[in-house]
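Only one structure is covered here, and it is reproduced in the block below.
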Amino acid sequence: MSEPFLRSLFGLEGKVAVVTGGSGALGAAMAQGLARAGARIAILARRIEPANAVAAALADAGSDAFALSADVRDRTQIEHACNTILERWERVDILVNAAGGNMPGATLAPDAALRDLDPDAFRTVVDLNLIGTLLPSLIFGAAMIAADRQGVIVNISSMAAQRPLTRIAGYSAAKAAVDNLTRWMAVELTRRYGPGLRVNAIAPGFFIGEQNRSLLLNPDGSPTARGASVIAHTPAGRFGVPDDLIATLIWLCGPGAAFVNGVVVPVDGGFSAWSGV
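Following full-length UniProt numbering, the numbering of the sequence shown begins with 1 at its first residue and continues without gaps.
Have a look at this one:
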């Protein structure tokens, strides 16, 4: 297979990509993948130190990258970040909404009653995952529209959106809303502004991060009872690793996916396909 043919399908040379939550394990891996495909990268994160570290690693590898501090729930901060990126590169072509997460209060403890679920924590998780996807999409989407009505938004969903998981209340509800928002925005943007604007999502299966490590792994690295249950229901027989997301992301962002719009792509080792029987 020739390199020009692959570039015509997947090449991102010269594109400007913004990755929110780009200092996390999944966000950093996706930023690296986009950079290796030729994109210039803006890393957005609340804490600037880890974001700078990711951007520096990309720059050391020969990519054009820099970091900005911004809370995805704060419209003013996102607008400032967008303006900074436009001043530097004059355009935004790709937005990856990788910021998100969970918190203990929005998760029901094993021995807790339903009334013990904390509505304030639930609201915080919904704000982080749903509003934290909506606001960057509105602001960077407007920049895409203002430029040439060309651009790609990729949201990060979850298996928790598609198949209810025990205990994980706030995160599941928020990611289910992200799926719905993805489809709504895909239709709205394309019908209103043309086929050059696309919105899709990736739904990762079970990946180990700092927030779920103790839930899925013991201190010695072996699976907990819940982790073992996850693996038992994943035909691939393992947890995902961040690099598993890169090929799907590059495909969704690239020219070869020009007719792919409004889909949520599972990257889950077969978890969503298996009934458990």
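By construction, the Cβ of each residue, glycine as well, lies at the ideal position given by its N, Cα and C atoms. Remember, predicted model here, so these are calculated numbers, not experimental data.
Going by C-alpha distance, which of Asp71, Leu58, Arg40 and Ile94 is nearest Gly196? The option with the nearest alpha carbon to Gly196 is Ile94.
Meets three-Cβ-pair contact criterion under 8 Å: the stretch 188-204 and the stretch 155-165: Contact annotation: the stretch 188-204 touches the stretch 155-165, with at least three C-beta pairs closer than 8 Å.
Taking Ala37 as the reference, give the member of Gln77, Glu188, His80 and Glu13 with the closest Cα. Per the Cα distances, Glu13.
Could you work out which residue in Trp274, Asn212, Ser63 and Leu6 is closest to Ala236 when comparing CA atoms only? Nearest in C-alpha terms to Ala236, of all of Trp274, Asn212, Ser63 and Leu6, is Trp274.
Look at the alpha carbon of Tyr193 and the alpha carbon of Ile145, and state the distance between them as a whole number of angstroms. For Tyr193 and Ile145, the distance between alpha carbons rounds to 7 Å.
As a quick exercise: from Asn261, Leu217, Asp148 and Ala67, pick the residue whose alpha carbon is nearest that of Ala55. Per the Cα distances, Ala67.
Which runs of the beta strand (DSSP E) spanning at least 3 residues fall entirely within the stretch 37-78, listed in chain order? With a minimum length of 3 residues, the continuous beta strand (DSSP E) runs that stay inside the stretch 37-78 are 40-45 and 65-69.
Length of the line joining the Cα atoms of Phe239 and Phe259: Answer to the nearest angstrom: the Cα atoms are 31 Å apart.
Could you spell out the range, first to last residue, of the alpha helix (DSSP H) harbouring Val230? Note, Val230: alpha helix (DSSP H), Ala225 to Ala232.
Keeping to the same chain, check which residues put their C-beta closer than 8 Å to that of Ile139; ignore five residues upstream and five downstream. Hits under 8 Å: Arg75, Ile78, Glu79 and Cys82.
In the DSSP assignment, the alpha helix (DSSP H) including Pro136 goes from what residue to what residue? Here the alpha helix (DSSP H) through Pro136 covers Gly132 to Ala147.
Can you give me the C-alpha to C-alpha distance between Asp220 and Val264, rounded to a whole angstrom? The alpha-carbon separation between Asp220 and Val264 amounts to approximately 34 Å.
Near Ala51, which residues of its chain fall below 8 Å by C-beta distance, leaving aside the five closest residues on each side in sequence? Listed in chain order, the non-local C-beta contacts of Ala51 below 8 Å within the same chain comprise Gly22, Ser23, Ile43, Leu44, Ala45, Ala67, Leu68 and Ser69, local neighbours out to five positions each way being set aside.
Straight-line CA distance for Val16 to Asp71? Val16 and Asp71: Cα-Cα distance of roughly 20 Å.
Use the C-beta contact count for Phe5: other C-beta atoms within 10 angstroms, 16 or more gives buried, fewer gives exposed. Exposed.
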